[in-house]
Amino acid sequence: RCKLSNAEKSLAEFIVKMRDEARANIDRMKYFKDMILDLEKAPGHNRKKMGGREMVVELAKYIRASPQFIEEIGLWEMPEFPVNGRDLMGTGVKGGPVMRKVLTH
23 RCKLSNAEKS LAEFIVKMRD EARANIDRMK YFKDMILDLE KAPGHNRKKM GGREMVVELA
83 KYIRASPQFI EEIGLWEMPE FPVNGRDLMG TGVKGGPVMR KVLTH
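Remember, the numbering used here sits 22 above the position in the sequence shown when you count from 1.
Given below as C-alpha cells:
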C-alpha cells in the first residue's frame with residue numbers, strides 16, 4: 023500500500039491525464055504557458071495543494087523536456103488581467119459571485 027498526500031495524488035492524476043497531449047506539444051512553449059494560465063486561474067483551483075506552475079513543470083520533467091525548456095516554464099511571468107473587481111464596481115457593476123465568475127473566465 024502506498025500513501026500519497028492529496029497534492030501528490032492530484033499531481034499524479036494530472037500527469038497521467040495530460041502526458042500524451044504534452045508529448046505531442048513538447049516543443050511548444052505556448053501550450054505549456056496556456057496550461058499554467060488555465061490551472062492558476064481556474065475557478066475552484068486549490069492553491070493549498072499544488073500550484074499550476076509546479077504541476078506543469080513536473081509534467082515537463084515527466085515527458086523529458088529539455089532543461090532549458092523546463093527552466094523557462096518555471097521563470098515565466100503570468101500576465102495580469104487589465105481589469106479587476108474595483109474597476110468594474112467603479113462603473114456600476116454589482117460585486118459578488120457573478121463578478122468573480124466573469125473575472126475568472
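All C-beta atoms, glycine included, are put in the ideal place defined by N, C-alpha and C.
Whole-number beta carbon distance between residue j and residue i, since they are thought to touch under 8 Å
{"i": "ILE58", "j": "ARG75", "result": "5 Å"}
{"i": "ARG41", "j": "ILE85", "result": "6 Å"}
{"i": "PHE54", "j": "ILE95", "result": "5 Å"}
{"i": "GLU62", "j": "MET100", "result": "6 Å"}
Nonlocal neighbours in the same chain, by C-beta distance under 7 Å from residue i, ignoring five residues either side
{"i": "LEU33", "result": "MET72, MET77, GLU80"}
{"i": "GLY107", "result": "GLY117, MET121, LEU125"}
{"i": "MET111", "result": "GLY117"}
Sequence-distant residues of the same chain with beta carbon closer than 8 Å to residue i, five excluded per side
{"i": "ILE92", "result": "VAL79, ALA82, LYS83"}
{"i": "PHE103", "result": "LEU125"}
{"i": "ASP60", "result": "GLY74"}
{"i": "VAL105", "result": "LEU125"}
{"i": "LYS52", "result": "none"}
Residues of its chain near residue i, where Cβ-Cβ distance is below 6 Å and the 5 sequence neighbours each way are ignored
{"i": "ARG45", "result": "ILE85"}
Exercise. Within the region 47-107, note down every full alpha helix (DSSP H) run reaching 4 residues or more, in order along the chain.
Key: Along the length of the region 47-107, whole alpha helix (DSSP H) runs at least 4 residues long occupy 51-63, 74-84, 89-97, reported in chain order.
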